[in-house]
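Visitor: Can you keep this structure in mind? I'll have questions shortly.
Number of protein chains: 2
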Amino acid sequence: MWERSHTKKWGCSMELTIKEIALRAGVSKSTVSRVISGKGYTSMEVRDRVLQLIEELQYKPNAVARAMVSQRTHNIGVLIYRQHHPIASHPFYGKILDAILMTAASLNYSVFVTTDHDMSLRSADFMMEKRVDGLILISRLQQNVIDYIANFGVPYVMVNGSTDVDGVMHIVNQDEEGGRKVAEYLTDLGHRQIFVIAGPQTHRSHNLRLKGFKKYMAGIGVPISASSILQASTSTFGEGYELMRSHWEQFRAGGFTSLFATNDMIALGAMKFMLEQSVRIPEQVAVVGFDDIDFAAMFSPSLTTVRVNTEEMGTQALSLLDKLIRQEANIENPKQLVPKLIVRQSTK
Amino acid sequence: MWERSHTKKWGCSMELTIKEIALRAGVSKSTVSRVISGKGYTSMEVRDRVLQLIEELQYKPNAVARAMVSQRTHNIGVLIYRQHHPIASHPFYGKILDAILMTAASLNYSVFVTTDHDMSLRSADFMMEKRVDGLILISRLQQNVIDYIANFGVPYVMVNGSTDVDGVMHIVNQDEEGGRKVAEYLTDLGHRQIFVIAGPQTHRSHNLRLKGFKKYMAGIGVPISASSILQASTSTFGEGYELMRSHWEQFRAGGFTSLFATNDMIALGAMKFMLEQSVRIPEQVAVVGFDDIDFAAMFSPSLTTVRVNTEEMGTQALSLLDKLIRQEANIENPKQLVPKLIVRQSTK
DNA sequence: TCTTCGTGTGAGACCGTTCCCACATAACAA
DNA sequence: TTGTTATGTGGGAACGGTCTCACACGAAGA
C-alpha cells in the first residue's frame with residue numbers, strides 16, 4: 000500500500016534523489032547541488048531547468064544525507080522530566096515547550112520531544128544516537144543526567160531547572176523578586192497574618208520564591224513564623240487541596256487573612272478546599288499563587304498570581320542554544336526574566 | 000568551547016565511529032557491525048572484546064548513518080494545528096501528545112513535534128525532508144495538507160480530526176454516544192429545560208456530540224428547540240464565558256435548569272460567568288461538559304463531564320502508525336473509543 | 001602569442017553505517 | 001582424497017547528499 004520499500008523505482012517523491020534530477024536535467028549531481036545551495040557558479044539556463052524539475056517533481060532534499068556530510072542535523076532535543084510523569088501537557092512546562100517549538104521553526108530546527116517517565120538515561124541516550132545538535136533540559140534533571148550529556152560534548156541549555164549548576168546556561172525567572180512582590184502586595188493590602196504553602200524544597204524556584212517572600216516580611220518587621228509555613232512534597236493541585244484539608248483546623252485557629260502558595264497549582268488546590276468549606280475568597284481569605292498558568296485566570300474566583308514569562312523562557316532558551324551550536328563568540332548568560340504581578344479576583 | 004567541529008580528533012564520544020572501535024579491537028568494521036547487530040557469526044572472544052570497548056569508550060551508534068542505509072529513520076512527526084495557535088500545552092490535545100510520546104519510546108521511535116501556527120505546508124515539508132517514517136495529524140488539518148502528505152506516500156494517522164476523510168485511518172471517540180449519555184443522564188436527573196452551547200460546526204466531534212444529544216432528547220419526546228442551542232465559533236473558555244454573558248437574559252428567561260456544552264473549556268467559561276452572577280451550581284443550574292480535561296476536576300465546583308480516553312487515543316494512533324510503517328498485513332481501522340460519563344459536583 | 005582571469009561544469013572522495021559477497025579454516029561425511 | 005557444511009572474518013559497494021579539485025572555455029591584459 001505505502002509504496003516506500005526497497006523497490007528503488009520511487010513511486011513517490013520521497014525517493015527522488017539529486018541524482019535523478021541531474022539525470023533528467025542532463026547535468027551532473029554536482030551542478031544540481033550547486034543550484035540548490037546557491038553556492039558556486041551556475042548558468043542561468045541550467046539553473047532554470049533544474050529548479051523547474053525540482054518544482055515539477057516535488058523533489059525534497061534528504062536531510063538525513065545532508066546531516067551525514069555536514070555533521071549537523073538541525074535537530075534539537077527537548078528533555079522534560081518531572082515527578083516521573085510525562086508533561087508535555089503540563090500547564091506550566093507545556094507553555095515553555097510551545098514557545099520552544101515556535102522559535103525552533105523560525106531558526107530552522109526540528110524538535111524531538113521526549114518525556115522519559117522512568118528518569119533513566121535512556122532518552123538522553125536516544126538523543127545522542129540521533130545526533131541532535133543540542134539539547135534543552137526542562138525542570139528537574141538529575142545531576143547524573145547532566146553529567147552524562149555534558150560528557151558527550153553536546154551543547155545544552157537548562158530551563159527552570161531544580162538547581163543552578165556551575166557553568167551551565169540556565170534560563171530562569173527572578174523568583175526571589177517575585178516572592179518579594181507578593182509580600183509587598185499583600186502587606187500593602189493590609190494583610191499581616193499570611194499563611195504559606197511552599198512547594199518542594201528540592202526545586203530552586205520554590206525555594207527562591209519563599210526566600211524573597213520571607214525576606215521582605217522580615218524586612219518590614221512582620222516575620223513569618225515557621226508554623227505558618229506548610230511544606231508541600233509535590234507542586235500539584237492535589238497536594239494543595241490535601242494540605243489545606245489536613246491543616247484546616249490549624250489554619251482557622253491561626254486567624255489568617257491570606258494565603259500564598261509558591262505555585263498556582265498548589266494555590267488552586269488549596270482554594271478549592273476552602274471554597275468547599277464555604278470560605279469567601281477574597282473577603283475572608285485572599286489567595287495568591289505563582290506562575291500564571293492559563294487556569295489561574297479561568298478559576299472562579301480567578302487567581303491573583305505572579306506571571307512567569309514562559310514564552311520568553313522558551314525563546315531565550317532556543318536562541319541561546321542556537322548560539323552555542325553555532326559556536327558564537329562571547330555568549331553571555333541570559334538575564335533572569337522579570338516576573339509580573341497579576342491582580343485578579345482572589346485578592347480584591 | 001564545545002569540542003564538536005570538524006576537528007576529526009573526536010574530543011567527545013559523539014564523534015566515535017565504528018571504524019575507530021574496529022581499529023582498537025583489531026578487527027574490521029564489518030565484524031564490529033555484526034557484534035552490535037547480533038546478526039551473523041562472531042567468535043566469543045571478539046564479541047567480548049568489542050563490547051568491552053563500546054562500553055568503555057561510550058560508543059553510540061550514529062542513527063543518521065543507520066537511517067541513510069536502512070532507509071528508515073525511526074522518527075515520526077506529530078503535527079498539531081489548531082486555530083492558528085501552537086498547542087502542545089493544550090489541556091486536551093496535550094494529553095494526546097503525552098500518550099504518543101510515551102508509546103513512541105516503547106516502540107523505539109523518536110518524535111518530532113511541530114505546531115505550525117500559520118497552517119502552511121511548511122512543517123509538513125520539513126517532516127518530509129527529515130524523512131520521518133510516519134506522521135500523526137492531530138485535530139484540524141486542512142484537506143490540502145492531507146493531500147500533500149498523502150502525495151509523498153508517507154504513512155499517517157489522524158487523531159480527532161475535524162472531518163473523517165475516506166481511506167484515512169482516524170482515531171476518534173464515540174462522540175455521538177457520548178452526547179447520548181449526557182442527555183440520558185440529565186433527563187434521568189429530571190432535567191427538561193436544557194440549554195446547549197455547541198462548539199464549532201467545523202469540527203466533527205462537536206457536531207456528533209450535539210447530534211447524539213439531540214437525537215436522544217427527540218427520542219424521548221423532549222426535543223431541543225433551536226433557540227436553546229448557542230453556536231460557539233471557537234471551543235475556548237473565553238468563548239463560553241462571552242456567549243453566556245451575551246445571552247444571559249435569554250438564558251434566565253428560558254427557565255433552564257441545566258447546561259450542556261460540547262467541551263469542557265466552553266462549559267467552564269460559561270460556568271465562571273454564572274458563578275459571577277451568583278448562580279448556585281448545581282442547585283439552580285446543573286452543568287455538563289465533554290472531554291474531561293484536568294481542569295474539569297479541579298474547578299470549583301468540579302465539572303461533570305464525559306471522559307475521552309486521550310491516553311488510549313495516543314497509544315492507538317502510534318501502534319496503528321507503527322503497523323502502517325512496518326507494512327503489516329490486514330491492518331484494521333481502529334475501534335472508536337468508548338466515552339465514560341464522569342459525575343462530579345456540577346450536577347449533584 | 002601567451003598568460004591570467006572569471007565562469008561553468010563534472011569526477012570522485014567522503015560522511016558512518018549495513019550488508020552482500022568472497023574467502024579461510026576446521027570438522028565431518030562420502 | 002575430495003567434497004560439503006558450519007563458522008568466522010574482511011573488503012567494498014551502497015545510501016544521498018556536499019565539497020574539493022581539475023579542467024574547459026572565452027575574454028581580457030601583458
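In the order they appear, the protein sequences are chains Z and R. For the first sequence, numbering that gives the first Met the number 0 begins at 0 and goes up steadily by one. For the second sequence, numbering that gives the first Met the number 0 begins at 0 and goes up steadily by one. Backbone N, C-alpha and C define an ideal beta-carbon position, used for all residues, glycine too.
1. Residues of the segment 252-284 of chain R in Cβ contact with chain Z at a cutoff of 8 angstroms, in chain order, please.
2. Under 8 angstroms Cβ-Cβ, which residues of chain Z neighbour residue 303 of chain R?
3. Do the segment 38-48 of chain R and the segment 65-82 of chain R meet, that is, are 3 or more Cβ pairs less than 8 angstroms apart?
4. Return the residue from the list R:57, R:92, R:216 that minimises the CA-CA distance to residue 16 of chain R.
5. Residues of the segment 106-130 of chain R with a CB closer than 9 angstroms to any CB of chain Z: list them in chain order, please.
6. How far does the alpha helix (DSSP H) with residue 30 of chain Z in it reach, from first residue to last?
7. Give me the chain Z residues within the contact set of residue 347 of chain R, using Cβ-Cβ distance strictly less than 9 angstroms, ordered along the chain.
8. For residue 61 of chain R, which residues in chain Z fall below 8 angstroms Cβ to Cβ?
9. Please name the residue, chosen from Z:187, Z:66, Z:342, that lies closest to residue 109 of chain Z on a Cα-to-Cα basis.
10. Taking a cut of 9 angstroms between CB atoms, which residues from the segment 148-176 of chain Z lie near chain R?
11. Using a Cβ cut-off of 8 angstroms (strictly closer), state whether residue 321 of chain R contacts chain Z.
12. Counting along the chain, where does the beta strand (DSSP E) carrying residue 336 of chain R start and finish?
13. Please return the same chain residues whose Cβ sits closer than 7 angstroms to the Cβ of residue 219 of chain R, not counting the five positions on each side in sequence.
14. Going straight from the alpha carbon of residue 120 of chain R to that of residue 267 of chain R, what length do you get?
15. Evaluate contact between the segment 209-218 of chain R and the segment 270-280 of chain R, counting only Cβ atoms and requiring at least three cross-stretch pairs below 8 angstroms.
16. So residue 336 of chain R and residue 311 of chain R are in contact, right, with Cβ under 8 angstroms, and what is the actual spacing, rounded?
17. Among R:239, R:54, R:275, whose alpha-carbon lies nearest the alpha-carbon of residue 265 of chain R?
18. Could you check the C-alpha separation between residue 287 of chain R and residue 192 of chain R for me, to the nearest Å?
19. Need the endpoints of the beta strand (DSSP E) that residue 208 of chain Z sits in, please.
20. Going by alpha carbons, who is nearest to residue 131 of chain Z out of R:74, R:155, R:32, R:29?
21. Would you mind stating whether residue 172 of chain Z and residue 338 of chain Z have Cβ atoms separated by less than 8 angstroms?
22. At a CB-CB cut-off below 7 angstroms, which residues of chain Z make contact with residue 87 of chain R?
23. Taking only three categories from DSSP, how would you classify residue 159 of chain Z?
24. Say whether chain Z places a C-beta atom closer than 8 angstroms to the C-beta of residue 312 of chain R.
25. Would residue 336 of chain Z count as contacting chain R if we go by Cβ distances under 8 angstroms?
26. Find out if the Cβ-Cβ distance for the pair residue 134 of chain Z, residue 126 of chain Z is shorter than 8 angstroms.
27. For residue 72 of chain Z, go through chain R and note every residue whose CB falls closer than 8 angstroms to its CB, in chain order.
28. Exposed or buried, residue 144 of chain Z, counting other C-beta atoms within 10 Å across all chains shown (16 or more means buried)?
29. Is it buried or exposed for residue 225 of chain R, if we count other Cβ within 10 angstroms and need 16 for buried?
30. Give the secondary structure of residue 223 of chain Z by DSSP, where H, G and I count as helix, E and B as strand, and everything else as coil.
31. Work out the CA separation of residue 34 of chain R and residue 112 of chain R for me, nearest whole Å.
32. Is the beta carbon of residue 100 of chain R closer than 8 angstroms to that of residue 87 of chain Z?
33. At a CB-CB cut-off below 8 angstroms, which residues of chain Z make contact with residue 299 of chain R?
34. Which same chain residues end up closer than 8 angstroms to residue 346 of chain R when comparing Cβ atoms and leaving out the 5 residues on each side of it in sequence?
35. Check the Cβ-Cβ distances between residue 1 of chain R and every residue of chain Z, and say whether any is below 8 angstroms.
36. From what residue to what residue does the alpha helix (DSSP H) around residue 230 of chain Z run?
Guide: Working from what's here:
1. 267, 268, 270, 271, 274, 275
2. Here residue 303 of chain R refers to the residue found at position 304 of the second sequence. The premise fails here: residue 303 of chain R is roughly 16 angstroms from chain Z at the closest Cβ pair, so nothing lies under 8 angstroms.
3. no
4. Residue 16 of chain R sits at position 17 when you count from the first residue of the second sequence. Of the candidates R:57, R:92, R:216, the one whose C-alpha sits nearest the C-alpha of residue 16 of chain R is R:57.
5. 107, 109, 110, 111, 112, 113, 114, 115, 116, 121, 122, 124, 125, 126, 127, 128, 129, 130
6. Taking the first sequence and counting its residues from 1, the one referred to as residue 30 of chain Z is at position 31. 28-36 is the span of the alpha helix (DSSP H), which, as asked, contains residue 30 of chain Z.
7. On the second sequence, position 348 is the one that residue 347 of chain R refers to. Per Cβ cutoff of 9 angstroms: no residues; residue 347 of chain R is ~14 angstroms from chain Z at best.
8. The sequence position of residue 61 of chain R within the second sequence is 62, counting from 1. Residues of chain Z passing the Cβ test: 128, 130.
9. Counting from one through the first sequence, the residue named residue 109 of chain Z turns up at place 110. With distances taken between Cα atoms, residue 109 of chain Z lies closest to Z:66.
10. 150, 151, 152, 153, 154
11. For the purposes of this step, residue 321 of chain R is taken as the residue at position 322 of the second sequence. By this cut-off, residue 321 of chain R is not an interface position.
12. The sequence position of residue 336 of chain R within the second sequence is 337, counting from 1. That residue, residue 336 of chain R, is in no beta strand (DSSP E); it is neither H nor E in DSSP.
13. The sequence position of residue 219 of chain R within the second sequence is 220, counting from 1. Correct list, in chain order: 186.
14. Along the second sequence, one-based indexing puts residue 120 of chain R at 121. Along the second sequence, one-based indexing puts residue 267 of chain R at 268. Looking at the two C-alpha atoms, the distance is approximately 34 angstroms.
15. no
16. The residue labelled residue 336 of chain R in the question sits at position 337 within the second sequence. The residue labelled residue 311 of chain R in the question sits at position 312 within the second sequence. About 6 angstroms; that satisfies the 8 angstroms criterion.
17. On the second sequence, residue 265 of chain R is found 266 positions in, with the first residue counted as 1. Of the candidates R:239, R:54, R:275, the one whose C-alpha sits nearest the C-alpha of residue 265 of chain R is R:239.
18. As a working mapping, residue 287 of chain R is identified with position 288 in the second sequence. As a working mapping, residue 192 of chain R is identified with position 193 in the second sequence. One C-alpha to the other measures close to 14 angstroms.
19. Within the first sequence, the letter at position 209 stands for residue 208 of chain Z. Per DSSP, residue 208 of chain Z belongs to no beta strand (DSSP E); it is in the alpha helix (DSSP H), 203-218.
20. Locating residue 131 of chain Z in the first sequence gives position 132, counting from the first residue. The candidate whose alpha carbon is nearest that of residue 131 of chain Z is R:74.
21. As a working note, residue 172 of chain Z is residue 173 in the first sequence. As a working note, residue 338 of chain Z is residue 339 in the first sequence. Cβ distance < 8 angstroms, so residue 172 of chain Z and residue 338 of chain Z count as in contact.
22. In the second sequence, residue 87 of chain R corresponds to position 88, counting from 1. In chain order: 87, 93, 96, 97, 100.
23. Taking the first residue of the first sequence as 1, we reach residue 159 of chain Z at position 160. Coil at residue 159 of chain Z, not helix or strand.
24. For the purposes of this step, residue 312 of chain R is taken as residue 313 along the second sequence, with counting starting at 1. No, residue 312 of chain R does not count as interfacial toward chain Z.
25. Residue numbering aside, residue 336 of chain Z sits at position 337 when the first sequence is read from its first letter. For residue 336 of chain Z, the answer is no, since every Cβ of chain R falls outside 8 angstroms of its Cβ.
26. Here residue 134 of chain Z corresponds to residue number 135 of the first sequence, with the count starting at 1. Here residue 126 of chain Z corresponds to residue number 127 of the first sequence, with the count starting at 1. Their beta carbons are under 8 angstroms apart, which means residue 134 of chain Z touches residue 126 of chain Z by this criterion.
27. Working through the first sequence from its first residue, we reach residue 72 of chain Z at position 73. Within chain R, the residues near residue 72 of chain Z are 63.
28. In the first sequence, residue 144 of chain Z corresponds to position 145, counting from 1. It counts as buried.
29. Translated into positions along the second sequence, residue 225 of chain R becomes position 226. Exposed.
30. On the first sequence, position 224 is the one that residue 223 of chain Z refers to. Coil, per DSSP.
31. To locate residue 112 of chain R, count along the second sequence from 1; it is residue 113. To locate residue 34 of chain R, count along the second sequence from 1; it is residue 35. Near 34 angstroms, if we compare the C-alpha coordinates of residue 34 of chain R and residue 112 of chain R.
32. The sequence position of residue 87 of chain Z within the first sequence is 88, counting from 1. The sequence position of residue 100 of chain R within the second sequence is 101, counting from 1. For residue 87 of chain Z and residue 100 of chain R, yes; Cβs fall inside 8 angstroms.
33. Taking the second sequence and counting its residues from 1, one reaches residue 299 of chain R at position 300. Per Cβ cutoff of 8 angstroms: 270, 271, 274, 275, 298, 299.
34. Position 347 of the second sequence, counted from the start, is the residue given in the question as residue 346 of chain R. Result list for residue 346 of chain R: 184, 185, 188, 257, 281, 285, 286, 287, 303, in chain order.
35. Taking the second sequence and counting its residues from 1, one reaches residue 1 of chain R at position 2. Low local confidence applies: a pLDDT of 31 at residue 1 of chain R is under 50, so the model's placement there is unreliable, and no value is given.
36. For the purposes of this step, residue 230 of chain Z is taken as the residue at position 231 of the first sequence. Run containing residue 230 of chain Z: none in the alpha helix (DSSP H); it sits in the beta strand (DSSP E), 228-230.
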